[in-house]
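Those protein sequence lines, which keep their order, are chains A and B.
Heads up, the first sequence is in this note's numbering, so the first residue is 1 and it goes up one at a time.
Heads up, the second sequence is in this note's numbering, so the first residue is 1 and it goes up one at a time.
The next block holds one structure in the form of structure tokens; read it before the comments.
Number of protein chains: 2
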Amino acid sequence: MKIGTYSYEEFVQVVKSFHGNLAPGLLIGGFMVDLALKNVPEGEFFDSICETQVCLPDAVQLLTPCTIGNGWLKVFDFGKFAVTLYEKYSGEGVRVYLDIEKLKNWPEVNSWFFKLKPKKEQDSDLLMKQIKEAGDSILSMQRVKVEPEKLTRKKGGASSTCPVCGEAYPAKHGDKCRNCAGESPYISINNF
Amino acid sequence: MKIGTYSYEEFVQVVKSFHGNLAPGLLIGGFMVDLALKNVPEGEFFDSICETQVCLPDAVQLLTPCTIGNGWLKVFDFGKFAVTLYEKYSGEGVRVYLDIEKLKNWPEVNSWFFKLKPKKEQDSDLLMKQIKEAGDSILSMQRVKVEPEKLTRKKGGASSTCPVCGEAYPAKHGDKCRNCAGESPYISINNF
């Protein structure tokens, strides 16, 4: 049993190291990305879409060249456990999703996914065992075509110096940077 | 010279392997995250904010426990080269930013950052040399307080089954999933 180029046990270690804990969703995500990888033409460049922010993006980042920082991974906040790999010019690709019909065969995984019981009542060992045994049997696959133009990261364009904070920001954002325009996540900023 | 727990040369290799290429912004990002790490209390749990989508999030993911998938890294599309590490309960933290005044001492880095010449006229070797020599001397630091509640990832809540595609989605999104509600990045979807 392989996940990408890793054995299952190696992938478990890589997940712990990168993600900080052995998230069930990331193990299932490993099988999802692995299945997608097996179904895109070898040697081709592809980009990736995650339809949830939770766990799944880390499976993509661990198993493919796509990361948040290099822009080849796009994350949509759709709350759907689905991942797509697509050829970046044609937009043609493969979408793998967790199939809730197939999930019914694995009660502990089903119960975890649908939050059917409180976390402290979950049988974590059984959950991990069922995830490994289920492998890609709980997944389904579709051929998709995406609109690459819609997903291409816009170039930053010219920079301006913000008249408020004095830092550089994209001129196209207006007469000051988004922090100083009130979108800042900070309550207070103080120089050292 | 260390970047996190890596030597500079090791970090260069890790960047190539994870990010796919030796992006100048990710090397500078390494110095930024390293400087922030040195200024947060040791042994404390912290979350992270990147004020740009480009390159910098990968420095955070490589050097801290924060990733996109585990939710400890939040990315804002502000186009600002700044990163914050903050204590997740108090919201107190350190913000490191590229200081454009200090950048003037390093003409090739300055020219790259402000896109002052076409890429093919850039002296890539000189750029890499200046980034390494400059280290954290082109950075400045601030103490910040963030609003943790604003940045806490909302729990998914109850699931529904989408009447259109039959997949699970967050009930709070409405009567169908966001894909089927027209927000889909796909032009076409076909079963295998």
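Even glycine gets a Cβ: it sits at the ideal position worked out from N, Cα and C.
From a predicted model like this one, the values you see are computed outputs, not experimental measurements.
Closest by C-alpha distance to residue i, when choosing among the options
i, options, result
"Asp-77/A", "Val-83/A, Gln-53/A, Ile-100/A, Gly-71/A", "Gln-53/A"
"Thr-5/A", "Leu-22/A, Ser-184/A, Val-33/A, Ser-17/A", "Val-33/A"
"Gly-43/B", "Glu-87/B, Leu-35/B, Glu-149/B, Glu-147/B", "Glu-87/B"
"Arg-143/B", "Ile-28/B, Cys-165/B, Pro-41/B", "Pro-41/B"
"Phe-192/B", "Gly-69/A, Tyr-97/A, Pro-57/A, Gln-13/A", "Tyr-97/A"
"Leu-56/B", "Arg-95/A, Asp-47/A, Gly-71/A, Phe-18/A", "Gly-71/A"
"Asp-99/B", "Tyr-89/A, Gly-166/A, Leu-103/A, Glu-9/A", "Gly-166/A"
"Leu-73/A", "Leu-22/B, Phe-18/B, Tyr-169/B", "Phe-18/B"
"Val-164/A", "Lys-176/A, Pro-170/A, Asp-47/A, Ala-171/A", "Lys-176/A"
"Ala-59/A", "Lys-104/A, Ala-168/A, Tyr-8/A, Glu-101/A", "Tyr-8/A"
"Arg-153/A", "Val-75/A, Pro-65/A, Gly-29/A", "Val-75/A"
"Ala-181/A", "Cys-162/A, Asp-123/A, Leu-116/A", "Cys-162/A"
"Glu-149/A", "Asn-190/A, Tyr-89/A, Glu-183/A", "Tyr-89/A"
"Leu-193/B", "Ile-3/B, Glu-183/B, Lys-155/B", "It is not possible to answer for residue 193/B, since the shown part of chain B is limited to 1 through 192."
Burial state of residue i, where buried means 16 or more other Cβ atoms lie within 10 Å
i, result
"Gly-157/B", "exposed"
"Gln-130/A", "buried"
"Gln-61/B", "buried"
"Thr-67/A", "buried"
"Gly-79/B", "buried"
"Gly-69/B", "buried"
"Thr-84/A", "buried"
"Leu-116/B", "exposed"
Distance CB(residue i)-CB(residue j) smaller than 9 Å
i, j, result
"Pro-24/A", "Trp-106/A", "no"
"Glu-147/A", "Ile-187/B", "yes"
"Phe-31/A", "Asp-136/A", "yes"
"Ile-49/B", "Pro-118/A", "no"
"Asn-39/A", "Val-94/A", "yes"
"Phe-11/A", "Leu-27/A", "yes"
"Ser-266/A", "Phe-114/B", "Since the first and last residues shown for chain A are 1 and 192, residue 266/A lies out of range."
"Asp-47/A", "Leu-139/A", "no"
"Pro-65/B", "Gly-29/A", "no"
"Met-1/A", "Lys-132/A", "yes"
Distance between beta carbons of residue j and residue i, contact taken as under 8 Å
i, j, result
"Leu-35/B", "Met-141/B", "7 Å"
"Ala-134/B", "Val-109/B", "6 Å"
"Val-15/B", "Leu-22/B", "6 Å"
"Lys-145/B", "Gly-91/B", "5 Å"
Worksheet item: Fully enclosed by the segment 93-120 of chain B, which alpha helix (DSSP H) runs are 4 residues long or longer?
Response: 100-103, 107-113
Worksheet item: In chain order, which alpha helix (DSSP H) runs of at least 4 residues are fully inside the segment 36-95 of chain A?
Response: 56-63
Discussion item. Quick check for students: name the residue ranges of the alpha helix (DSSP H) that lie wholly in the segment 147-186 of chain A, counting only runs of 4 or more.
Written reply: 148-151
Discussion item. If we require 4 or more residues per run, which alpha helix (DSSP H) segments fall completely within the segment 1-41 of chain B?
Written reply: 8-19, 24-38
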